[in-house]
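Peer 1: Have a look at the structure that comes next, please.
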Amino acid sequence: MLVSVLETKVTKRDARSYMNRFVPLLERKGATSFKQRAAQSRPGEVENNGAFTKSAVKGLAPKTGKTCLDPRPAEDLTLQEPFYVALVKIRAPREIDDSTLGGVAKTLSQLRKLGLISILVVDCGAGERDGTARRKAGIMQANRIATAIDAYGGPGSRVIDSPITIGNLADTPTSPFTSQSLFISNPQGLMTALQEETIPIIPSFGYTADTCLIKPVDADEAILALLRQLSGLQFLGHGVAEDSQTMKLLKAAEVYRLIILDPLGGVPANNRATERHLFLNLEQEFQEVEDDLAAASTSCLFDTELRKSNAQHLKNAELAKNALSLLPPTSSAVITTPDEAAKERGPEEMDLVGTKRGQNPLIHNLLTDKPVQSSSLPTERLKTGLSFAGAPQIGSLTTLAKRGMRLAIFPDPRITPWRPPQPGERRLSLTDPSIDLARLVNLIEDSFDRKLDVDHYLKRIQDNLAGVIIAGEYEGGALLTWEKPPGLKDSEASDAARLVPYLDKFAVLRRSQGAGGVADIVFNAMVRGCFPDGVCWRSRKDNPVNKWYFERSRGTLKFSDMNWTMFWTTPKLEEQRLRDYESVCRGVEPSWADRKHQLD
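In this text, residue positions in the sequence shown follow the working numbering: the first is 27, and each later residue adds one.
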């Protein structure tokens, strides 16, 4: 686990975010307070300066047959508030071999050590038509998963009696908020397991409300029912006393992740080299995903198995969307294969850098809240691996989905492709009513921590603005222009092909930097929809964001006589175009009110 954690590329901001949330929880559990606990329980073995004596260090090792007394009050031992939960759906466990299942179990045990305890819902599908046979198959797979988890020591796991009650099945759910077909009426067993840090495993069955008959239920609906209960959004009576320990635990639980383990892997994307959405901005992209997968699941152009696969991919995407609509905007869903969830670098691979396996997406996401590979990287920067079928695969098979945010792009490239201005054509202006100039200026000034000379800036770009990209409520954005290379001859000055697509401002509010994928969302919109043939920009040589720019550009050039580094995304850049890019990046005049650019 230590190797998996240390290999994760965690930034200072990522580490701070994880520690602020999970370290207080781990400290309450005693994971990082050995010194204090030893001082309380063995005061004679601690020197005056607080250092441990040798006998105290030896005493930290647990002794067989003896119980270590915990000095914390009993109240603290019975209720850790809050504690963080991952809802995990394991689909088609019969297709997972024992070795891979063991790897998944190990990863779930590691997540628990890092502060995230899982609730597993076992989805065996509708393979068995007979209800009794289906129930037996579900319980058998649940016990198989429990055995795999228990192999990694305590607190282990427990197959619990289903807390799910089947209400009025005729009441078809129209919203994840209002469904009455499934609800949780007996959460005591579930919460007791969580209190003991035991991973509860729930086969996808429930009891009818009127006759208490046990029947199979849709695993996705079971996940949503659990989510409503744990999020305080279940409005049906559950019979739990308000002052009971179970209710206190329900209020303390916070669902932090949705994890979908499916042999099919992440959400397909036919227009990506990866053939997968590495990052899925549901607010902006779900409709396109739904349309594509719905068409592919019914098209006669595909064989039966492929249609079934696309239908299942659509179900997974819908589950992610519905679940995240019940959670805070910072929550996320990870859709991956059991193989990727089981990834671990073994001892035999420590010195073989070239054969290093990919990072475990579940551990990586917990520590960083980001996909293993950024969705805005150029294709050639993505690592290659093997698909579920064993074929070469560009990028990860994992999709990280977030509720995300809407994008506003002016002009919309799907309707009006971005192109150099034509004579007599109406040009976009930042004073256009569709653009909130005050909020845009605030975004730029907050991101750069500098005052903008607004009048100077408006004059400079009024005749060459190419377009504007706005993410969410002005949480991020980009302003792009068409720039004329200095020194063009009269015969070349009117040649639109010589105009340079230039990224003039790329801004993200400081509170949104490094979180939610705002920068990736804006950058992807720019290079995929607005300027797919390439764009250039410049950045100060000492800009800490340059590492991010280096990873996403296809080329760079540092000016030896100026404090600028030039970047571009244009593939196979020709020499003349490179010279045009350089002359533009050298000549663009900044518009900051402090005039510090004059010192460059």
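From the three backbone atoms N, C-alpha and C, an ideal C-beta is built for every residue, glycine too. Quick caveat: nothing in here was measured; it's all calculated off a predicted structure.
Whose C-alpha, out of L276, I190, E311 and G180, is nearest the C-alpha of T218?
Peer 2: As a first step, residue 218 must be located in the sequence shown, where it is residue number 192. Per the Cα distances, L276.
Peer 1: Helix, strand or coil for E501, going by three-state DSSP, please let me know.
Peer 2: Looking up residue 501 in the sequence shown gives position 475. Reduced to three states, the DSSP call for E501 is coil.
Peer 1: Using DSSP bridges, identify the partner residues of I285.
Peer 2: Along the sequence shown, one-based indexing puts residue 285 at 259. Looking at the DSSP assignment, I285 forms a beta bridge with V114 and V360.
Peer 1: The alpha helix (DSSP H) that contains R578, what's its start and end?
Peer 2: Locating residue 578 in the sequence shown gives position 552, where the first residue counts as 1. Segment N572 to R578, the alpha helix (DSSP H) holding R578.
Peer 1: Determine, using beta carbons only, whether D288 and I361 come nearer to each other than 8 Å.
Peer 2: Walking along the sequence shown from the start, residue 288 turns up at place 262. Walking along the sequence shown from the start, residue 361 turns up at place 335. Contact: yes.
Peer 1: Can you tell me the Cβ-Cβ gap for I495 and V548, rounded? I've got them flagged as a contact below 8 Å.
Peer 2: Stepping through the sequence shown from its first residue, residue 495 is reached at position 469. Stepping through the sequence shown from its first residue, residue 548 is reached at position 522. Yes, I495 and V548 are in contact; Cβ-Cβ is about 6 Å, under 8 Å.
Peer 1: Going by other Cβ atoms of all chains shown within 10 Å of its Cβ, with 16 needed for buried, is F16 buried or exposed?
Peer 2: Because the chain is modelled from 27 through 626, residue 16 falls outside the range shown and cannot be assessed.
Peer 1: Apart from the five residues on each side of it in sequence, which residues of its chain come closer than 8 Å, Cβ to Cβ, to F209?
Peer 2: As a working mapping, residue 209 is identified with position 183 in the sequence shown. The answer, listed in chain order, is I190, T191, G193, A251, R254, Q255, Q260, L262 and H264.
Peer 1: For S351, which residues of its own chain have a beta-carbon under 8 Å away from its beta-carbon, when the five flanking residues on both sides are left out?
Peer 2: Mapped onto the sequence shown, residue 351 falls at position 325. Only P202, F203 and R429 meet the Cβ criterion.
Peer 1: Per DSSP, what are the beta-bridge partners of N307 in this structure?
Peer 2: Reading the sequence shown from its first residue, position 281 is the one you call residue 307. Partner(s): K428.
Peer 1: Suppose only complete runs of 4+ residues qualify. What are the alpha helix (DSSP H) ranges in the stretch 205 to 251, listed by chain order?
Peer 2: Correct list: 214 to 221.
Peer 1: Assign Q419 to one of two classes, buried (16 or more other C-beta atoms within 10 Å of its C-beta) or exposed (fewer than that).
Peer 2: To locate residue 419, count along the sequence shown from 1; it is residue 393. So Q419 ends up on the buried side.
Peer 1: Considering Cα atoms alone, identify which of G450, E314, A248 and P213 is closest to S270.
Peer 2: On the sequence shown, position 244 is the one that residue 270 refers to. Ranking the options by Cα distance to S270, first place goes to P213.
Peer 1: Write down the C-beta distance between V629 and L353 rounded to the nearest angstrom, noting that I regard them as a contact closer than 8 Å.
Peer 2: Residue 629 lies beyond the stretch modelled for the chain, which goes from 27 to 626, so this question has no answer here.
Peer 1: Which residues share a DSSP beta bridge with D317?
Peer 2: Reading the sequence shown from its first residue, position 291 is the one you call residue 317. Partner(s): none; D317 has no beta bridge.
Peer 1: How would you label F305, buried or exposed, when you count the other beta carbons within 10 angstroms and need 16 or more for buried?
Peer 2: Within the sequence shown, residue 305 is the residue found at index 279, counting from 1. It counts as buried.
Peer 1: Cα-Cα, which of P512, D176 and A522 is closest to R612?
Peer 2: Taking the first residue of the sequence shown as position 1, residue 612 is located at position 586. Answer by Cα proximity: P512.
Peer 1: What number of angstroms, rounded off, separates the C-alpha of L327 from the C-alpha of A295?
Peer 2: Here the question's residue 327 lines up with position 301 in the sequence shown. Here the question's residue 295 lines up with position 269 in the sequence shown. Rounded to the nearest angstrom, the two C-alpha atoms are 18 Å apart.
Peer 1: Quick one: what's Y483 bridged to in DSSP?
Peer 2: In the sequence shown, residue 483 corresponds to position 457, counting from 1. Answer is none; Y483 lacks a bridge partner.
Peer 1: Is it a yes or a no for the stretch 557 to 571 touching the stretch 586 to 595, going by three-plus beta-carbon pairs under 8 Å?
Peer 2: Yes: at least three Cβ pairs fall under 8 Å.
Peer 1: Apply the 10 Å Cβ neighbour rule to D365 and answer buried if 16 or more other Cβ atoms are within range, or exposed otherwise.
Peer 2: Numbered from 1 along the sequence shown, position 339 holds the residue referred to as residue 365. Buried.
Peer 1: Leaving out five residues before and five after K477 in sequence, what residues of the same chain have Cβ atoms less than 8 Å from its Cβ?
Peer 2: Here residue 477 corresponds to residue number 451 of the sequence shown, with the count starting at 1. Only E471, W618, A619 and D620 meet the Cβ criterion.
Peer 1: From the DSSP output, in three-state form, read off V614 for me.
Peer 2: Counting from 1 along the sequence shown, the entry for residue 614 is found at position 588. Coil.
Peer 1: Quick one: what's got a C-beta closer than 6 Å to D606's C-beta in the same chain, skipping five residues either side?
Peer 2: Taking the sequence shown and counting its residues from 1, one reaches residue 606 at position 580. P511 and V526.
Peer 1: Just checking my contact of I286 with L345 at CB under 8 Å: how many whole Å lie between their CB atoms?
Peer 2: For this step, residue 286 is matched to residue 260 along the sequence shown. For this step, residue 345 is matched to residue 319 along the sequence shown. 7 Å between Cβ atoms; contact.
Peer 1: Exposed or buried, what is S125 when buried is set at 16 or more other beta-carbons lying within 10 Å of its beta-carbon?
Peer 2: Stepping through the sequence shown from its first residue, residue 125 is reached at position 99. Counting Cβ neighbours within 10 Å, S125 comes out exposed, since fewer than 16 surround it.
Peer 1: For S230 and V148, which I take to be in contact (beta-carbon distance under 8 Å), what is that distance rounded to the nearest angstrom?
Peer 2: What you label residue 230 is simply residue 204 of the sequence shown in a count that begins at 1. What you label residue 148 is simply residue 122 of the sequence shown in a count that begins at 1. Yes, S230 and V148 are in contact; Cβ-Cβ is about 6 Å, under 8 Å.
Peer 1: Is S460 helix, strand or coil when you go by DSSP?
Peer 2: One-based indexing of the sequence shown puts residue 460 at position 434. Coil, per DSSP.
Peer 1: Just to confirm before moving on: does the CB-CB distance between G493 and C556 stay below 8 Å?
Peer 2: Locating residue 493 in the sequence shown gives position 467, where the first residue counts as 1. Locating residue 556 in the sequence shown gives position 530, where the first residue counts as 1. Contact flag set, yes.
Peer 1: State whether the stretch 296 to 316 contacts the stretch 423 to 443, with contact taken as three or more CB pairs (one from each stretch) at a distance under 8 Å.
Peer 2: A contact exists between the stretch 296 to 316 and the stretch 423 to 443.
Peer 1: Here's the rule: buried if 16 or more other CB atoms are within 10 angstroms of the residue's CB, otherwise exposed. What is P597?
Peer 2: What you label residue 597 is simply residue 571 of the sequence shown in a count that begins at 1. Looking at its Cβ environment, which holds fewer than 16 other Cβ atoms inside 10 Å, P597 is exposed.
Peer 1: Per DSSP, C562 is paired with what?
Peer 2: In the sequence shown, the residue the question calls residue 562 occupies position 536. Note: C562 sits in a beta bridge opposite Y528 and W594.
Peer 1: Using 10 angstroms around the beta-carbon of F576, count the other beta-carbons present and answer buried if the total reaches 16, otherwise exposed.
Peer 2: Here the question's residue 576 lines up with position 550 in the sequence shown. Exposed.
Peer 1: For W508, tell me which candidate among K409, V610 and D458 has the shortest Cα-Cα distance.
Peer 2: Counting from one through the sequence shown, the residue named residue 508 turns up at place 482. When only C-alpha atoms are compared, the closest one is V610.
Peer 1: Using the three-state DSSP reduction, which class does A349 fall into: helix, strand or coil?
Peer 2: Stepping through the sequence shown from its first residue, residue 349 is reached at position 323. Three-state result, A349: helix.
Peer 1: Alpha carbons only, please: which of E121, R452, T425 and I461 is nearest the one belonging to A434?
Peer 2: Your numbering for residue 434 matches position 408 in the sequence shown. When each option's Cα is compared against that of A434, the closest is I461.
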